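For the protein sequence lines, the chains are H and G, in the order given. Count along the first sequence from 1, then add 632; that gives the number in the working numbering. Count along the second sequence from 1, then add 632; that gives the number in the working numbering. First up is the structure itself, then whatever we jot down about it.
2 protein chains.
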Amino acid sequence: MIDALTLWGYWRSSTSYRIRIALGLKSLRHDYRPINLKLGEQKSEDYLAVNPHGTVPLFQAGDVQMTQSLAILDWLDATYPDPAFVPTDAPELCRDLYYAVATEIHAPNNLAVLKYLRTEFGADQAAIEAWYATWIAKTFAPVEARLAAHTWASPDLPFGQPTLFEIVLIPQVYNARRWKTDLLAYPLIAKIDAHCATLEAFDRARPENQIDAT
Amino acid sequence: MIDALTLWGYWRSSTSYRIRIALGLKSLRHDYRPINLKLGEQKSEDYLAVNPHGTVPLFQAGDVQMTQSLAILDWLDATYPDPAFVPTDAPELCRDLYYAVATEIHAPNNLAVLKYLRTEFGADQAAIEAWYATWIAKTFAPVEARLAAHTWASPDLPFGQPTLFEIVLIPQVYNARRWKTDLLAYPLIAKIDAHCATLEAFDRARPENQIDAT
């Protein structure tokens with residue numbers, strides 16, 4: 633018996649967005665505690681005492697606390713196995729695409745890195761946008777190529793169900809649009825995105841639909 | 633029955649280093665195929681045909697091919713469960729520290745990003761070293777704090793065995809030293825590193841001990 637689930641997050645945080653989608657897919661009720669990154673609430677003494685990383689998300693389930701979105705996804709899928717986040721068909725490909733999207737794009741494009749580019753290298757908005765687009769393209773291009781190399785039963789959901797891959801892909805597509813990255817080069821990714829937008833768990837997890845959205 | 637295992641890698645690639653440690657811990661024989669990143673072999677037509685990401689590692693086991701080190705680690709641990717990479721005690725903390733080290737440091741510090749800083753922002757060697765040290769410190773500091781907040785049976789190996797955490801931590805400590813990051817601030821991390829250096833799987837996986845080391 634798991635105690636109440638609590639998620640500390642921020643509406644525009646793409647790693648928080650991952651967890652919101654996952655909780656929706658598992659139909660799990662939880663408390664949502666907004667942490668306003670713009671106001672620096674993640675660096676408050678109280679928050680750092682619980683999460684020394686000073687980041688969101690933070691997730692609590694009974695005595696278990698986790699700060700890493702991929703650790704939270706692992707835990708959710710192991711604790712609530714139905715519906716599964718990893719398909720029985722082509723699980724290795726699913727995980728490979730998942731980790732490519734999850735680990736290669738977010739880290740160079742997160743707020744702390746962009747701030748460093750502005751303050752230490754004097755990057756202006758155009759330079760930031762070029763940087764951002766570079767790391768999206770570097771991963772989206774081979775992911776699109778690998779999706780194109782397979783024959784899928786339905787290109788709407790390559791693995792036949794929402795998986796870890798879609799959980800991390802959709803927030804990155806959201807970011808790509810926000811940062812004006814052209815998605816025309818990635819028709820298969822765009823098709824998956826369009827389908828996921830019709831699913832309740834993905835729609836409810838959208839940044840604009842959070843209580844702390846401004 | 634799994635066919636032969638093949639690893640394409642590069643001696644100084646920290647994600648290749650992870651897989652070498654993992655294969656050693658599982659006592660798995662494998663073919664090693666060096667890909668010279670300095671010569672751009674990862675961008676050759678032949679290599680891109682197999683791995684469109686143009687990165688190392690690339691891992692093949694029978695029909696299964698994977699390009700992401702975390703996907704390969706998952707597969708190895710699921711396929712060869714003994715010895716396990718995740719402890720039975722505090723598995724959530726282990727995975728949380730693992731993902732922090734695996735996902736936050738490598739992506740902003742990899743060769744493609746450093747090259748971008750040099751060419752687009754005119755970063756000199758001192759600026760590159762400051763950048764590199766920033767992202768190591770940003771993750772090592774909270775990881776050290778979380779290690780210090782627990783009472784461990786042995787600080788040499790907090791989880792009582794080598795885990796996913798050590799598999800990704802040791803290559804980052806190696807990089808930190810190479811880039812002259814001061815490790816005095818992280819005595820618990822340094823203690824784990826010193827102990828792992830005495831273990832055969834970690835020693836054999838060291839960059840200097842690879843056939844393509846120069």
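We treat Cβ as the ideally placed atom computed from N, Cα and C, and that holds for glycine. Source: prediction; values computed, not measured.
{"Asked": "Which listed residue (G:Arg652, G:Arg838, G:Leu669, G:Asn668) has its alpha carbon closest to that of Arg661 of chain G", "Found": "G:Arg652"}
{"Asked": "Environment of Arg778 of chain G [buried if 16+ CB atoms lie within 10 Å]", "Found": "buried"}
{"Asked": "8 Å Cβ cutoff, Val696 of chain H in contact with chain G", "Found": "yes"}
{"Asked": "C-alpha distance - Thr647 of chain G paired with Asp814 of chain G, whole-angstrom precision", "Found": "22 Å"}
{"Asked": "Cβ-based contacts, 7 Å cut-off: residues of the region 704–731 of chain G near chain H", "Found": "Asp706, Trp707, Glu724, Arg727, Asp728, Tyr731"}
{"Asked": "Under 8 Å between C-beta atoms of Val688 of chain H and Trp640 of chain H", "Found": "yes"}
{"Asked": "Proximity below 8 Å, CB of Val733 of chain G to CB of Val682 of chain G", "Found": "no"}
{"Asked": "Beta-carbon spacing of Gln804 of chain H, Ile737 of chain H below 8 Å", "Found": "yes"}
{"Asked": "Chain H within 8 Å of Gln700 of chain G, Cβ atoms only", "Found": "yes"}
{"Asked": "Residues of the region 744–761 of chain H with Cβ closer than 9 Å to any Cβ of chain G, in chain order", "Found": "Ala744, Val745, Tyr748, Leu749, Glu752, Phe753, Gly754, Ala755, Ala759"}
{"Asked": "CA nearest to the CA of Gln793 of chain G, picked from G:Ala833, G:Pro819, G:Val696, G:Gln757", "Found": "G:Ala833"}
{"Asked": "Contact under 8 Å by Cβ, Thr638 of chain G with Tyr748 of chain H", "Found": "no"}
{"Asked": "Chain-ordered chain B contacts of Thr766 of chain G [CB-CB under 8 Å]", "Found": "Structure shown: chain B not included; protein chains present are H and G."}
{"Asked": "DSSP three-state assignment for Phe797 of chain H, whether helix, strand or coil", "Found": "helix"}
{"Asked": "Interface flag, His685 of chain G vs chain H, CB-CB below 8 Å", "Found": "yes"}
{"Asked": "Proximal chain G residues relative to Arg778 of chain H, where beta-carbon distance stays under 7 Å", "Found": "Pro684"}
{"Asked": "CB contact check: Lys770 of chain G to chain H, cutoff 8 Å", "Found": "yes"}
{"Asked": "Bounding residues of the beta strand (DSSP E) (the contiguous stretch that carries Arg665 of chain G)", "Found": "663–666"}
{"Asked": "Close-in-space but distant-in-sequence residues of the same chain around Glu721 of chain H (CB under 8 Å, 5 per side omitted)", "Found": "Here residue 721 of chain H turns out to be Asp, not Glu, going by the sequence shown. The answer, listed in chain order, is Phe791, Gly792."}
{"Asked": "Cα-Cα separation between Tyr806 of chain G and Ile843 of chain G, rounded to whole angstroms", "Found": "18 Å"}
{"Asked": "Sequence-distant residues of the same chain with beta carbon closer than 8 Å to Ile768 of chain H, five excluded per side", "Found": "Ile737, Asn741, Gln804, Asn807, Ala808, Trp811, Thr813"}
{"Asked": "Assigned exposure category for Gln757 of chain G - 16 Cβ within 10 Å defines buried", "Found": "exposed"}
{"Asked": "Proximal residues to Glu798 of chain G (C-beta, below 6 Å), its chain only, five neighbours per side dropped", "Found": "Cys828"}
{"Asked": "Residue burial classification, Ala845 of chain G (beta-carbon count within 10 angstroms, cutoff 16)", "Found": "exposed"}
{"Asked": "Reference Pro684 of chain G, options H:Leu669, H:Pro774, H:Pro719, closest by Cα", "Found": "H:Pro774"}
{"Asked": "Short CB-CB distance (under 8 Å) between Pro819 of chain H and chain G", "Found": "no"}
{"Asked": "N-terminal and C-terminal residue of the beta strand (DSSP E) that Phe834 of chain H is part of", "Found": "Counting along the chain, Phe834 of chain H falls outside any beta strand (DSSP E), though it belongs to the alpha helix (DSSP H) covering 832–837."}
{"Asked": "Tyr731 of chain H and Gln700 of chain G closer than 8 Å at C-beta", "Found": "yes"}
{"Asked": "Proximity test, Cβ basis, 8 Å: Gly641 of chain G and chain H", "Found": "no"}
{"Asked": "Chain G contact residues for Thr735 of chain H, given Cβ-Cβ distances below 8 Å", "Found": "Gln700, Leu702, Ala734, Thr735, His738, Ala739"}
{"Asked": "Sequence-distant residues of the same chain with beta carbon closer than 6 Å to Phe691 of chain G, five excluded per side", "Found": "Leu639, Met698, Ile704"}
{"Asked": "C-beta atoms of Pro715 of chain G and Leu657 of chain G nearer than 8 Å", "Found": "yes"}
{"Asked": "Terminal residues of the alpha helix (DSSP H) in which Phe772 of chain G lies", "Found": "757–780"}
{"Asked": "Contact list for Pro774 of chain G against chain H, beta-carbon separation under 7 Å", "Found": "Pro684, His685"}
{"Asked": "Contained alpha helix (DSSP H) runs [length at least 4] in the region 718–744 of chain G, N- to C-terminal order", "Found": "723–736, 738–741"}
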